[in-house]
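Read in order, the letters of the sequence shown are residues -23 to -1, 1 to 950 in mature numbering (1 follows the signal peptide of the UniProt record, and there is no 0).
Backbone N, C-alpha and C fix where the C-beta goes; we use that ideal spot for every residue, glycine too.
Since this is a predicted model, take the numbers as computed values, not measurements.
One structure is given below, encoded as structure tokens.
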Amino acid sequence: MVVIAEIFLSAFFTALLEKLASGKLVNLALPERIYSRLQTWTSKLELLEAVLSSAEEKQIREKTVNTWLQQLQDLAYDLDDLLDELATEALRRKPMMAQPTQASKPSMFRKLIPACCSTSFNPRAVMFDVNISSEIDNITGRLEDLLKQKGDLNLINDHLGGARWRRTGEEILPTTSLVDEYAGFHGREKDKQAILAQMCLGSESGSDHRFRVIAIVGMSGIGKTTLAQRIYEEVRNSFALKAWISVSDEFDALAITERIYKAISSQNFELKDLDIVQVKLREIISNKKFLLVLDDVWNENYAKWEVLSRPFQVGAPGSIIIVTTRNVRVASIMRAVPDYHHLDQLGNEDICSILAYHARGWQNFDAHPAFKETGEAIAKKCKGLPLAAKSLGGLLCTKGNPNEWKDVLDSKIWDLHAENNGILPALRLSYHHLPYHLKRLFAYCSLFPKDYEFDKHELVLLWMAEGFLRSETHREMEEFGFQCFDELLSRSFFQRSKTGAESRFLMHDLLIDLARHVAGRVCFRLDDKAESNVRHGTDSLLKARHLSFIHLEYDGSQKFEDFCRSSKLRTFLQLPVFETPSCYLTNQVISDLLPQLHFLRVLSLSDYKIFQLPNAIGNLKHFRYLNLSGTQIEQLPESVSELYNLQTLLLRNCRSLTKLPANTGNLINLRHLDIAVTEKLQEMPVGLCNMASLQTLSKIVLGRGLKVNELRGLSNLKGALSIIGLHSVMDAQDAREANLTCKQGLEELEMVWNSDFHDSRNKIIEKEVIKLLKPSTNLRRLEVKHYGGVEFPSWLGNPSFSQLAHISLSDCRYCTSLPSLGDLTSLKKLHISGIKGVKTVGNELCGVGWPHVGDAFPSLETLEFVDMVDWEEWSTNLSNDNENFGQVFPCLRELIIDRCPNLIKISLSRLPSILVLNISRCPENQKMSEKQAQLPLQTNTYDRVNEEVAQSRADELRLQKTKKHVIYGVIFV
């Protein structure tokens, strides 16, 4: 029997009631009879929501209640789809009503329509009103039926409180300080020593604080309590007072204070007054060194912690409170951050030892070959989670036959009997403590396969497309989504990928199982098709709303045949959504199946060898997210511009793409348009300025009608922007109107002119254009390519650009001098190439204030000069040394000079941090000064180096074999 997750429905109902109460329905220009029926929905939904807790409590025991919940879930989705259809129709009618009256005379039939109705009248609108009225009647009837059934099921109008949520057989026992002496201590010795070191550090630091909080943080079942028990056992005799308190989900300051008082005073009586208890506790603790363990803390309310902690402020210095929690925020409000200690998963060898002990009392499987292979395979299923190994060991302790172990190996941990499974209640407790809006987000992650690495930004866009991100404030949905993601991360539902990529994450296998458990039948992974058919039946497949699948090299229509009748599907998500080798999808899916999925919101076909989409794609009016990245598509059908709800359009790496729909500007709700790596896209339609919600625009191609001032209305742009075709700007005022300075979210900017420096290029206009395209000072990366002016703008190098870390100036061949960049305090990498008009580079590069004000290029680590054909001399030396003068390049680690055929003289100040000096394809000369030879270069090989210098440093070079140093006969003075 399928269990519908209580929280999933509760969150859904909350969202529906918010939509109905938002007031947006008033603006839909629908007949009054429709409004009157919509208004009755709110009261009906509230009556149903009030009994959800009671229904979800009964559903395990009563099949009729389970069936009722399934029907209620289907109704909720259908109701949500209808509300979305109403909102979409309003968007469609808005531009129609805004259009000016045509010069042609109205028809006789239209003259008969009352003036109050004529603004929105057309045959399509009339047909819509008729159809929507029928759908509203259908949903109203279903609501009334479910309300009638509610009475027959004896459901109680009462929400479950936090302590009443647990099912029969899922009670979690309180912990104690006692350790299992026979079980051993596996894989946590380093963690234990690190925490003991923190405790010693606190006692020796001389801090004014009387106690320190050390938090042990990690996901459910990772071994936080076991580690705390070992530490408590080892150090308890070093403290005058000590207590172990199992807190769990109820953080009652009075109850906890009373338990602490009883533990350290050995007095057993009831005190129901918080003030009396805290005064007594304070008297006992005063000037005594204490050790307190608060195990399994969930409280995120700082005020509650502040009240509880008051008596501890009079303890002796060196007192310690150890907290175990699944949530980083708990550690933070208890002032443990940054000292909290995060536990990672154990290695498989340690998990094997835990499993062997709890299953058979063995230290490991080495002396038991009949169980070794199966035992180690079962241990791998635990994915480093000690609780899983302990629970499975408990199940195996009654199974003395190796074949019985194989039965457990072939079963899913989540499907094992709850009464023998400690994993289920522990993980469900984590889920229970999530705020309602996070529960839907977590359940949606059931679409991911195990061991799948997902991208944080990609997941937030998917959440947004599904309508999950409804912020209560005026924050952007994406900002709210990132906050939600970080919240799930802090609660250990997500973990960072070990690949090193900042935005890549994954989920523990058991948390994936939990997500599938709470999502129920609404989320379906196609690669589980056979198993799910057995578990749910064909009818349940048709009830699925969200579908994900892993693409194969060839995906035929048979793969999706069960979904041909699933017209309510919202999500068609091909995974992985990252760049992968191309694969093939039959055209039947694209032309026949997809147009039937009228309620589709998310469609990802990335990396398929797709060349076109059907025009019928424009009928999928619920679309929020369309990912065609990496496909072979050449152009989108014009009907795409009618997808008024579209929020995200991803076309990255579509190398065959040549054009966008002419009316792309109609997509007024579009927030993310990624067209990076689309070299054949040489033109873009006008009207981009209408897309005021746009946050991501990877590039804009100017020319053929599209002007740079189209950027004026895109004040919400964030991330990276490439402006291509700036040579086509004929009026510099267009650049002023682009208003880049006010686009505070832009962090990366690329300015590209034509690489053909033909005679029609106007140096004066180009100089004015780049001057007026001054970006926001929040910029972190800047690239300028093929600029045709004679000098760089004054804003380039201004110290107000305090976050600018990377600059690349390429093929700006008419410039005769370099900009003053030395005052950029965050600049780490500078690339200069193809600036052919520069002959000398002097101290002007180092900034306006140098050498009298600070160091020049204080953070620069990499400096590259390439293809500077007329460059002859570079000097940063001063006429007189002064110890008060600032340094140049104090952090420079790598200096590369390549293809500078006329560079004959370099006079540099000392480079204290240089590791790599590579000067290649420059003219050969006779010798370098002894001063340059004495620079502290950490290098290993000279390639065609002056013999005299090479010999003088031969001994040093033999000792340093790690870096490269190439010098082609340049005179250093």
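Short CB-CB distance (under 9 Å) between residue i and chain C
i: Phe457; result: Within the model displayed, chain C is absent; a lone protein chain is all it includes.
Three-state secondary structure (DSSP) of residue i
i: Leu894; result: strand
i: Tyr317; result: coil
i: Lys35; result: helix
i: Gln170; result: helix
i: Asp490; result: helix
i: Leu137; result: Bear in mind that the predicted position of Leu137 carries a pLDDT of just 43, short of 50, making it unreliable; the figure below should be weighed with that in mind. Note: Leu137 maps to coil in three-state DSSP.
i: Leu726; result: strand
i: Phe501; result: strand
i: Leu(-15); result: helix
i: Glu850; result: strand
i: Trp18; result: helix
i: Ser884; result: strand
i: Ser543; result: coil
i: His523; result: strand
i: Glu660; result: coil
i: Gly696; result: strand
i: His783; result: strand
i: residue 974; result: Examination of residue 974 is not possible in this model, given that the chain is present from -23 through 950 alone.
i: Arg337; result: helix
i: Ala910; result: The pLDDT assigned to Ala910 is 35, lower than 50, so where the model puts this residue is not dependable; a value taken from the coordinates is nonetheless given after this. Three-state result, Ala910: helix.
i: Lys427; result: coil
i: Gly680; result: strand
i: Glu768; result: coil
i: Val579; result: strand
i: residue 952; result: This structure cannot speak to residue 952, because the chain is shown only from -23 to 950.
i: Phe842; result: strand
i: Ser84; result: Low per-residue confidence applies at Ser84: pLDDT is 46, beneath 50, and the placement is therefore not dependable, though the value from the model is reported in the following sentence. Residue state, collapsed to three classes: coil.
i: Ser97; result: The predicted model places Ser97 with a pLDDT of 47, which falls under 50 and marks its position as unreliable; any figure quoted below should be read in that light. Coil.
i: Ala344; result: coil
Whole-number beta carbon distance between residue j and residue i, since they are thought to touch under 8 Å
i: Phe(-11); j: Glu26; result: 4 Å
i: Ser423; j: Ile489; result: 7 Å
i: Val224; j: Leu150; result: So it is not a contact: roughly 14 Å between Cβ atoms.
i: Val678; j: Leu658; result: 6 Å
i: His414; j: Ala(-13); result: 6 Å
i: Leu768; j: Ser803; result: In the sequence as displayed, the identity of residue 768 is Glu instead of Leu. With a Cβ gap of about 24 Å, Glu768 and Ser803 do not count as contacting.
i: Asp788; j: Gly824; result: The Cβ separation is near 24 Å, so there is no contact.
Beta-carbon proximity check, residue i vs residue j, cutoff 9 Å
i: residue 962; j: Cys374; result: Outside the shown range of the chain (-23 to 950) lies residue 962, about which nothing can therefore be said.
i: Leu694; j: Leu674; result: yes
i: Ser884; j: Glu850; result: yes
i: Leu518; j: Phe549; result: no
i: Lys360; j: Leu487; result: yes
i: Glu277; j: Arg306; result: yes
i: Gly338; j: Trp382; result: no
i: Leu723; j: Ser753; result: yes
i: Gln672; j: Glu455; result: yes
i: Leu759; j: Leu726; result: yes
i: Lys806; j: Leu837; result: yes
i: Ile253; j: Arg236; result: no
i: Arg578; j: Lys545; result: no
i: Arg629; j: Ala653; result: yes
i: Ile233; j: Tyr279; result: no
Per DSSP, cross-strand counterpart(s) of residue i
i: Leu68; result: Leu68 is not bridged to any residue.
i: Asn640; result: Beta-bridge pairing links Asn640 to no other residue.
i: Tyr531; result: Tyr561
i: His649; result: Thr625 and Thr673
i: Lys762; result: Val729 and Ser787
i: Trp275; result: In the DSSP output, where bridge partners are listed per residue, Trp275 has none listed.
i: Arg481; result: Asp432
i: Thr302; result: Val194
i: Arg189; result: Ile297
i: Phe459; result: Paired residues: none, contrary to the question.
i: Leu552; result: Ile527
i: Asp832; result: Its beta-bridge partners do not exist; DSSP assigns none.
Would you list, in sequence order, the uninterrupted beta strand (DSSP E) runs of no fewer than 3 residues that lie entirely inside the segment 797 to 826? 806 to 810
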